[in-house]
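**Q**
2 protein chains.
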Amino acid sequence: MNSKADEIPGQSRVTILDVAAAAGVSKSTVSRILDERLPRSDSETARRVRRVAEELGYVRDVSAASLRRGNTMTVGVIVPRLTDTVMAMLYEALAKACSRTGRFAIVATTDDKPKADRLAAESLLRRGVDGLILSTAREDDDFPDELARRGVPYVLALRTDGHSLSSVGDDRLGGYLAARHLLDLGHRRIGVIAGPSYASSSRGRVEGFRQALEEAGLVADPSCIIPSTFGIESGAVAVETLMNLSPRPTAIFAVNDNTAIGALSGLTKLGLSVPQDISIVGYNDIPIVSHLPTPLTTLRVPFEQIASNALELLAGDDGSLDDRIRVSAPTLIPRKSTAPLR
Amino acid sequence: MNSKADEIPGQSRVTILDVAAAAGVSKSTVSRILDERLPRSDSETARRVRRVAEELGYVRDVSAASLRRGNTMTVGVIVPRLTDTVMAMLYEALAKACSRTGRFAIVATTDDKPKADRLAAESLLRRGVDGLILSTAREDDDFPDELARRGVPYVLALRTDGHSLSSVGDDRLGGYLAARHLLDLGHRRIGVIAGPSYASSSRGRVEGFRQALEEAGLVADPSCIIPSTFGIESGAVAVETLMNLSPRPTAIFAVNDNTAIGALSGLTKLGLSVPQDISIVGYNDIPIVSHLPTPLTTLRVPFEQIASNALELLAGDDGSLDDRIRVSAPTLIPRKSTAPLR
DNA sequence: ATCGTTTATGGGAACGTTCCCACTATCGTT
DNA sequence: AACGATAGTGGGAACGTTCCCATAAACGAT
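Line order of the protein sequences matches chains V and U. Per the UniProt record's numbering, the first sequence starts with residue 1, numbered consecutively. Per the UniProt record's numbering, the second sequence starts with residue 1, numbered consecutively.
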């Protein structure tokens with residue numbers, strides 16, 4: 001007749017006291033032995049306690065542990081949206097890196113609305129996260145500073161504001177590599193779908209691009225650099241502008257894969273084919289672009305590395321770090337969307 | 001010299017006792033007034049307490065509240081991966097629906113590995129979620145039953161095992177609509193990229209497709225129905241098989257947008273153009289497909305509705321529900337990838 | 001005016017864990 | 001043999017909240 005406690009859904013959970021009683025030790029001992037932060041003991045008692053805990057199906061109540069320990073081992077991640085595959089990749093990398101250290105990543109989205117990051121942050125902080133990772137930093141926004149003032153631990157990822165702790169890709173290098181690739185193929189007139197100016201990532205990529213051109217003794221024609229968003233549609237719009245220039249560019253560097261896909265679509269509509277009529281380079285290497293009818297030349301970003309750097313910075317003693325902005329290098333992946341100038 | 005407690009990061013949080021003291025009432029009163037589950041009082045005291053709480057910057061400690069209340073207002077979501085845009089859409093819809101009821105959705109991924117859903121579930125349950133939403137149900141897996149035995153509240157989303165509480169799209173209808181669309185355009189020989197047989201969603205779509213053909217007095221040629229995964233690459237492979245048939249199909253119904261994109265890519269490689277040479281229909285209407293060079297005809301799935309149904313089922317009194325499997329109808333979105341048979 | 005009924009309030013226990021502290025046992029050193 | 005250092009153990013307080021219960025106040029009905 002002990003079925004009530006055992007079989008009926010969710011009744012009377014197994015606590016540390018049950019384990020202690022069953023193992024014939026005190027709750028303190030059980031707590032210490034099961035504390036994953038302490039060096040793992042292999043004493044007789046330790047083994048017995050672990051076995052008993054396992055048998056009884058004991059799982060630590062995180063609420064109680066968090067309350068007492070004063071931290072939740074939870075990291076909050078803020079991204080514009082998860083339907084942007086880049087952000088999904090970042091989040092998955094962060095989640096994986098978190099699980100390696102026994103933490104958990106929870107996510108909130110802002111839909112890229114300027115003030116929505118504040119709401120997202122509040123929602124995560126109410127949830128008791130120990131720190132925040134933001135991928136929504138904007139030039140025109142001082143939200144990170146506000147967090148700093150409030151003493152909330154945070155790290156910027158993918159985009160930086162230039163002074164907060166940040167883990168980003170080497171966007172200058174990426175832009176540089178993209179330009180060099182196209183220059184090496186003989187292209188001299190290259191259009192740029194430049195992304196938004198509020199993001200450090202797009203600005204960096206364009207700067208790196210410019211630098212490569214200048215090193216080659218060329219000047220980037222300002223009319224060839226078209227601002228855009230990070231969205232697909234925006235790439236299609238930008239390419240129209242680019243193709244109205246004369247002389248037309250023979251290649252395009254797009255700030256990310258999304259706009260590159262939009263550009264691809266726009267070019268098709270104009271009856272131009274890639275790479276015969278025009279070459280195109282994307283950025284990020286999201287899974288889809290290698291499977292497009294014309295697989296896209298793009299820059300692969302080391303999201304795993306960016307993620308672990310971000311978490312390291314978050315865990316760091318804040319002031320004690322000398323490298324406040326960590327930079328991870330991308331790799332150019334040449335595919336079918338780029339070809340030598342005819 | 002009170003700076004230590006006030007200004008140094010994260011020191012001494014404001015508790016309910018501080019609010020109580022400042023408002024001149026007891027902690028019990030504050031607790032009741034700030035309890036969002038109770039009807040909101042507008043008494044003199046209530047207003048004062050809320051004002052004081054606001055001024056002091058009080059935020060409830062969720063760990064303490066969860067410990068005492070016995071629930072965390074948190075829902076765990078298990079998806080194969082977030083880089084699959086369909087899953088990202090589902091998760092975003094769930095997160096939004098959760099926030100409407102003051103809950104929060106946290107997510108874990110399985111990478112579609114057969115046993116990984118167990119690990120993901122453990123990780124979420126350790127995190128204290130009140131219930132689980134799974135989008136990873138497989139024909140050949142009895143994990144849902146195991147959850148049921150353990151008394152864990154859960155709901156299946158997008159895919160069902162046929163008896164658990166589930167919120168799914170009407171896959172039969174979707175398959176039916178896709179077939180009807182192609183039949184109406186004059187196509188008679190239609191290839192199917194059928195997805196995996198372990199998922200109820202792909203099976204339903206193929207069944208609906210078959211039914212439409214039969215109603216039109218046709219029989220679906222089994223050699224035209226190619227099993228696949230849900231991945232892009234698999235669509236490219238399947239389309240090769242399909243195009244080796246004779247006579248060749250004049251249209252293709254793909255189980256999802258990913259395989260449709262793969263098919264598009266495969267067709268291009270074969271020198272065939274869409275929709276001139278062949279028509280193609282996808283499924284899910286992920287954002288990208290409307291922006292492809294050839295915008296894809298596809299079925300739009302009401303993720304928001306599926307999400308709120310799932311949460312309703314999760315909240316429901318389990319046994320008391322008569323509609324254990326809720327079904328939401330998709331809509332056909334005709335675009336450029338389908339055209340009348342020449 | 002009195003009584004029962006509702007409504008608002010405060011005190012204290014409880015949720016399950018961790019951590020501080022005091023205690024004992026063991027060990028190596030002189 | 002006596003000592004201090006070290007390691008392991010258990011009791012109890014604490015974390016911040018909610019909830020039960022007892023009490024007080026306000027109210028309407030007789």
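Backbone N, C-alpha and C define an ideal beta-carbon position, used for all residues, glycine too. Only a predicted model underlies this, so the values are computations on that prediction, with no experimental measurement involved.
Gly262 of chain U touches chain V at which residues, Cβ-Cβ below 7 angstroms?
**A** Result: His291.
**Q** Do you know whose CA, among U:Arg127, U:Asp145, U:Glu139, lies nearest Arg159 of chain U's CA?
**A** Among U:Arg127, U:Asp145, U:Glu139, the Cα nearest to that of Arg159 of chain U belongs to U:Glu139.
**Q** Just confirm the distance between the C-beta atoms of Asp257 of chain U and Thr298 of chain U, as a whole number of angstroms; I'd bet it's less than 8 angstroms.
**A** About 6 angstroms; that satisfies the 8 angstroms criterion.
**Q** Can you pull the chain V neighbours of Glu233 of chain U, defined as C-beta to C-beta under 7 angstroms?
**A** The contacting residues are His291.
**Q** Buried or exposed: where does Pro247 of chain U fall if 16 or more other Cβ atoms within 10 Å of its Cβ makes it buried?
**A** Classification for Pro247 of chain U: exposed.
**Q** When the Cβ atoms of the region 51-61 of chain U are set against those of the region 38-48 of chain V, are three or more pairs found closer than 8 angstroms?
**A** Too few Cβ pairs lie closer than 8 angstroms, so no.
**Q** From Ala93 of chain V to Phe253 of chain V, what does the alpha carbon distance come to, in whole angstroms?
**A** Going by the C-alpha atoms only, they are around 26 angstroms apart.
**Q** Quick check on residue 345 of chain V - is its C-beta less than 7 angstroms from some C-beta in chain U?
**A** Since the displayed chain V opens at 1 and closes at 342, residue 345 of chain V lies outside it and no answer follows.
**Q** State the Cα-Cα distance for the pair Val155 of chain U and Glu55 of chain U, rounded to the nearest angstrom.
**A** Going from the Cα of Val155 of chain U to the Cα of Glu55 of chain U covers about 41 angstroms.
**Q** Starting from Ile78 of chain U, find everything on chain V with Cβ-Cβ shorter than 9 angstroms and list it in chain order.
**A** Within chain V, no residue comes near Ile78 of chain U; the closest Cβ sits about 13 angstroms away, beyond 9 angstroms.
**Q** What residue does the alpha helix (DSSP H) around Ile16 of chain V start on, and which one ends it?
**A** Per DSSP, Ile16 of chain V belongs to the alpha helix (DSSP H) from 16-23.
**Q** Give a yes or no on whether 7 angstroms exceeds the smallest Cβ distance from Arg37 of chain U to chain V.
**A** No, Arg37 of chain U does not count as interfacial toward chain V.
**Q** Chain V beta carbons: is any one of them nearer than 7 angstroms to that of Val30 of chain U?
**A** Not one chain V Cβ lies under 7 angstroms of Val30 of chain U.
**Q** Where does the unbroken alpha helix (DSSP H) through Val239 of chain U begin, and where does it stop?
**A** Residues 232-243.
**Q** Measuring only the C-alpha atoms, how far is Glu146 of chain U from Gly128 of chain U?
**A** One C-alpha to the other measures close to 18 angstroms.
**Q** Based on the DSSP secondary-structure assignment, which residues constitute the bridge partners of Thr109 of chain U?
**A** Thr109 of chain U is bridged to U:Val79.
**Q** Would you please state the rounded distance, in angstroms, between the beta carbons of Ala260 of chain V and Leu296 of chain V? I believe it to be under 8 angstroms.
**A** About 6 angstroms; that satisfies the 8 angstroms criterion.
**Q** If I measure Cβ to Cβ from Asp170 of chain V and keep anything under 7 angstroms in the same chain, skipping five residues before and after, which residues do I get?
**A** Contacts found: Val327, Ser328, Ala329, Pro330.
**Q** Report the residues of the region 110-139 of chain V with a CB closer than 8 angstroms to any CB of chain U, ordered along the chain.
**A** Within the region 110-139 of chain V, the qualifying residues are Ser123, Leu125, Arg126, Arg127, Gly128.
**Q** Reducing DSSP to helix, strand and coil, say where Gly191 of chain U ends up.
**A** Residue state, collapsed to three classes: strand.
**Q** Which of the three DSSP states, helix, strand or coil, is assigned to Lys4 of chain V?
**A** Summary for Lys4 of chain V: the model assigns pLDDT 32, below 50, so the residue's position carries little reliability; its value from the coordinates is reported in the next sentence. It is helical.
**Q** Taking the beta carbon of Gly70 of chain V as the centre, do at least 16 other beta carbons fall within 10 Å, making it buried, or is it exposed?
**A** Exposed.
**Q** What separation, rounded to the nearest whole angstrom, lies between the Cα atoms of Arg188 of chain U and Val289 of chain U?
**A** Using only the alpha carbons, I get a separation of about 25 angstroms.
**Q** Against chain V, does Arg13 of chain U count as a neighbour if the rule is that its beta carbon must be under 7 angstroms from one of theirs?
**A** Closer than 7 angstroms: no.
**Q** Can you list, in chain order, the stretches of the alpha helix (DSSP H) that have 4 or more residues and sit fully within the region 284-332 of chain U?
**A** If we require 4 residues or more, the alpha helix (DSSP H) runs fully inside the region 284-332 of chain U come out as 303-315.
**Q** Examine chain V for any beta-carbon lying closer than 7 angstroms to the beta-carbon of Leu147 of chain U, and answer yes or no.
**A** No, its Cβ sits nowhere closer than 7 angstroms to a Cβ of chain V.
**Q** Tell me, which residues are paired with Val168 of chain V by DSSP?
**A** Answer is V:Val327.
**Q** If distances are taken between C-alpha atoms only, which option among V:Ile333, V:Ile306, V:Asp323 comes closest to Met87 of chain V?
**A** With distances taken between Cα atoms, Met87 of chain V lies closest to V:Ile306.
**Q** Taking all protein chains shown into account, do 16 or more other C-beta atoms lie within 10 angstroms of the C-beta of Thr101 of chain U, making it buried, or fewer, making it exposed?
**A** Exposed, because fewer than 16 other Cβ atoms sit within 10 Å of the Cβ of Thr101 of chain U.
**Q** Whose CA, out of V:Ser164, V:Val14, V:Ala137, V:Asp117, lies closest to the CA of Arg149 of chain V?
**A** Selected option, being the one with the closest Cα: V:Ser164.
**Q** Return yes when the Cβ of Val237 of chain V is within less than 7 angstroms of the Cβ of Leu267 of chain V, no when it is not.
**A** No.
**Q** Using a beta-carbon distance cut-off of less than 7 angstroms, what residues from the region 204-233 of chain V approach chain U?
**A** Hits within the stretch, in order: Ile232, Glu233.
**Q** Using a Cβ-Cβ cut-off of less than 8 angstroms, give me the residues of the region 87-110 of chain U that come near chain V, in sequence order.
**A** Cβ contacts with chain V come from Ala88, Met89, Tyr91, Glu92, Ala95, Ser99, Phe104, Ile106, Val107, Ala108, Thr109.
**Q** Alpha carbon to alpha carbon, how far is Val107 of chain U from Val77 of chain U? Give it in angstroms, no decimals.
**A** Taking the straight line joining both Cα atoms gives about 5 angstroms.
**Q** Check the DSSP bridge columns for Ser279 of chain U and list the partner residues they point to.
**A** According to DSSP, Ser279 of chain U bridges with U:Ala251.
**Q** From Gly208 of chain U to Cys224 of chain U, what does the alpha carbon distance come to, in whole angstroms?
**A** Their backbone Cα atoms lie some 15 angstroms apart in a straight line.
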